[in-house]
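Colleague: Numbering (the working numbering), first residue to last: 1 to 232. Below you'll find the structure I mean.
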Amino acid sequence: MTTWTTLARAATAAGDDILLRQRGDLFEIRYNGIELMSNLNHESEDQLALRSLRRMNFAARRILIGGLGLGFTLRAVLDLAAPEAEVTVCELIPEVAEWNRGPLAHLAGHALDDPRTRLLICDVQAHLAQAEEAYDLILLDTDNGPDFLVRTANTALYQDCGLGSVARSLGPKGVAAFWSATASQAFERRLSAQPWFWQRDDIALMPGRVDAMHHIYSCSHSAAALGQRRAA
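If you want it as structure tokens, here you go:
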């Protein structure tokens, strides 16, 4: 069996350890020893982009992605968005951005080189706090979801204060979507407490399988965009 090769390592000011490693054609980023992402399967990341843009009839022009990862969500957005769209990506770890320009660049077709891409090295929560009605579409693939965080500072994004920032940053007919590794009843209750509509899509990791799912929570101020669940 091919062994893992460490390609690069990064550390945050808080002492977190981020590791990029490779085994054959498989690339993996680990955060404090926990697998955060790999290129083994990115169906749900692709669906995060496709379903969200389709709900807006592919008319979104101001798009925000929270979390660069391996670049798959960005790649899917770029493949589907209009030529005049601007896609802002907030990535907290500068080394992750460097890796996406280096050993990971081919995985997502050099997505950071697309002229529509605007990369910000910052916490997406801080960016959302000052971006009132700034975006038509907000895609948040910032962690593993509300119930399986590898970075505790991301907790606030899925709490009432973070959801409020997302709601304020969204245009009147816009869509915000959260990627999650698990379905979360507690998160669903918090979504229902916000003044918007929401729904959950369950995405099979492999076609035809029902035992392994990721999830997409989509929210909008517009009933026309979703229309399935209404805030209490």
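Ideal placement from N, C-alpha and C gives every residue a C-beta, glycine not left out.
Could you give the uninterrupted runs of the beta strand (DSSP E) lying entirely in the region 154–200, keeping only those of 3 residues or more?
Modeller: You should have 170–180.
Colleague: Here's a check: name, in chain order, each residue in its chain whose Cβ is nearer than 6 Å to the Cβ of D123, leaving out the five neighbours to either side.
Modeller: Against the sequence shown, residue 123 aligns to sequence position 123. Hits under 6 Å: L92.
Colleague: Let me confirm a value: A76 is counted as buried when at least 16 other C-beta atoms fall within 10 Å, else exposed. Which label applies?
Modeller: What you label residue 76 is simply residue 76 of the sequence shown in a count that begins at 1. The residue is buried, with at least 16 neighbouring Cβ atoms inside 10 Å.
Colleague: Given this structure, state the Cα-to-Cα distance separating A167 from Y135, to the nearest angstrom.
Modeller: Against the sequence shown, residue 167 aligns to sequence position 167. Against the sequence shown, residue 135 aligns to sequence position 135. Taking the straight line from one Cα to the other gives about 10 Å.
Colleague: Under 8 Å Cβ to Cβ from L53, same chain only, skipping five residues before and after it: list those, please.
Modeller: In the sequence shown, the residue the question calls residue 53 occupies position 53. Contacts found: A60, V77, L80, A81 and L137.
Colleague: Looking at the unbroken alpha helix (DSSP H) that takes in A76, where does it start and where does it end?
Modeller: As a position in the sequence shown, residue 76 is number 76, starting the count at 1. That run of the alpha helix (DSSP H) goes F72 to L80.
Colleague: Just to confirm the assignment, what range does the beta strand (DSSP E) spanning E91 have?
Modeller: On the sequence shown, residue 91 is found 91 positions in, with the first residue counted as 1. Note, E91: beta strand (DSSP E), E86 to E91.
Colleague: Pairs of beta-carbons, one from the region 138–147 and one from the region 11–20, closer than 8 Å: are there three or more?
Modeller: Judged by Cβ distances under 8 Å, the region 138–147 makes no contact with the region 11–20, as fewer than three pairs qualify.
Colleague: Grab me the residues of T117's own chain with a C-beta within less than 6 Å of its C-beta, minus the 5 sequence neighbours each way, in chain order.
Modeller: To locate residue 117, count along the sequence shown from 1; it is residue 117. These residues qualify, in order along the chain: V87.
Colleague: What runs of the beta strand (DSSP E), each 3 residues or longer, lie entirely inside the region 95–165?
Modeller: Within the region 95–165, the complete beta strand (DSSP E) runs of at least 3 residues are 117–121 and 135–140.
Colleague: Spatial neighbours of F178 within its chain, please: CB distance less than 6 Å, with the 5 preceding and 5 following residues excluded, ordered by chain position.
Modeller: What you label residue 178 is simply residue 178 of the sequence shown in a count that begins at 1. Here the set comprises L140 and Y217.
Colleague: Compute the Euclidean distance between the alpha carbons of Q125 and Q22, then round it to the nearest angstrom.
Modeller: Taking the first residue of the sequence shown as position 1, residue 125 is located at position 125. Taking the first residue of the sequence shown as position 1, residue 22 is located at position 22. Rounded to whole angstroms, Q125 to Q22 spans 30 Å at the Cα level.
Colleague: In its own chain, which residues sit with a C-beta less than 6 Å from the C-beta of L64, not counting the 5 before and 5 after it?
Modeller: Reading the sequence shown from its first residue, position 64 is the one you call residue 64. Closer than 6 Å at Cβ, skipping near neighbours: T88, Y135 and I138.
Colleague: Measure from the alpha carbon of G171 to the alpha carbon of each residue in A181, A156, M56 and A105, then state which is nearest.
Modeller: Position 171 of the sequence shown holds residue 171. With distances taken between Cα atoms, G171 lies closest to M56.
Colleague: Since L70 and M37 are thought to touch, with beta carbons under 8 Å apart, how far apart are those beta carbons, to the nearest angstrom?
Modeller: Walking along the sequence shown from the start, residue 70 turns up at place 70. Walking along the sequence shown from the start, residue 37 turns up at place 37. About 6 Å; that satisfies the 8 Å criterion.
Colleague: Which residues does DSSP list as the beta-bridge partners of L64?
Modeller: Within the sequence shown, numbered from 1, the residue matching residue 64 stands at position 64. T88 and I138.
Colleague: Apart from the five residues just before and just after L119, which ones in its own chain have a Cβ nearer than 7 Å to its Cβ?
Modeller: Here the question's residue 119 lines up with position 119 in the sequence shown. The residues are V89, E91, A97 and L112.
Colleague: Helix, strand or coil: which one does DSSP assign to A49?
Modeller: Counting from one through the sequence shown, the residue named residue 49 turns up at place 49. Residue state, collapsed to three classes: helix.
Colleague: From the DSSP secondary-structure annotation, give me the bridge partner or partners of D17.
Modeller: Against the sequence shown, residue 17 aligns to sequence position 17. In the DSSP output, where bridge partners are listed per residue, D17 has A11.
Colleague: Looking only at its chain, what residues have a beta carbon closer than 8 Å to the beta carbon of K173, apart from the 5 residues adjacent to it on each side?
Modeller: Counted from its first residue, the sequence shown places residue 173 at position 173. Excluding residues within five positions, the ones whose Cβ falls inside 8 Å are M56, D136, S220, H221, S222, A224 and A225.
Colleague: Assign S222 to one of three DSSP states: helix, strand, or coil.
Modeller: Residue numbering aside, residue 222 sits at position 222 when the sequence shown is read from its first letter. Here S222 sits in coil by DSSP.
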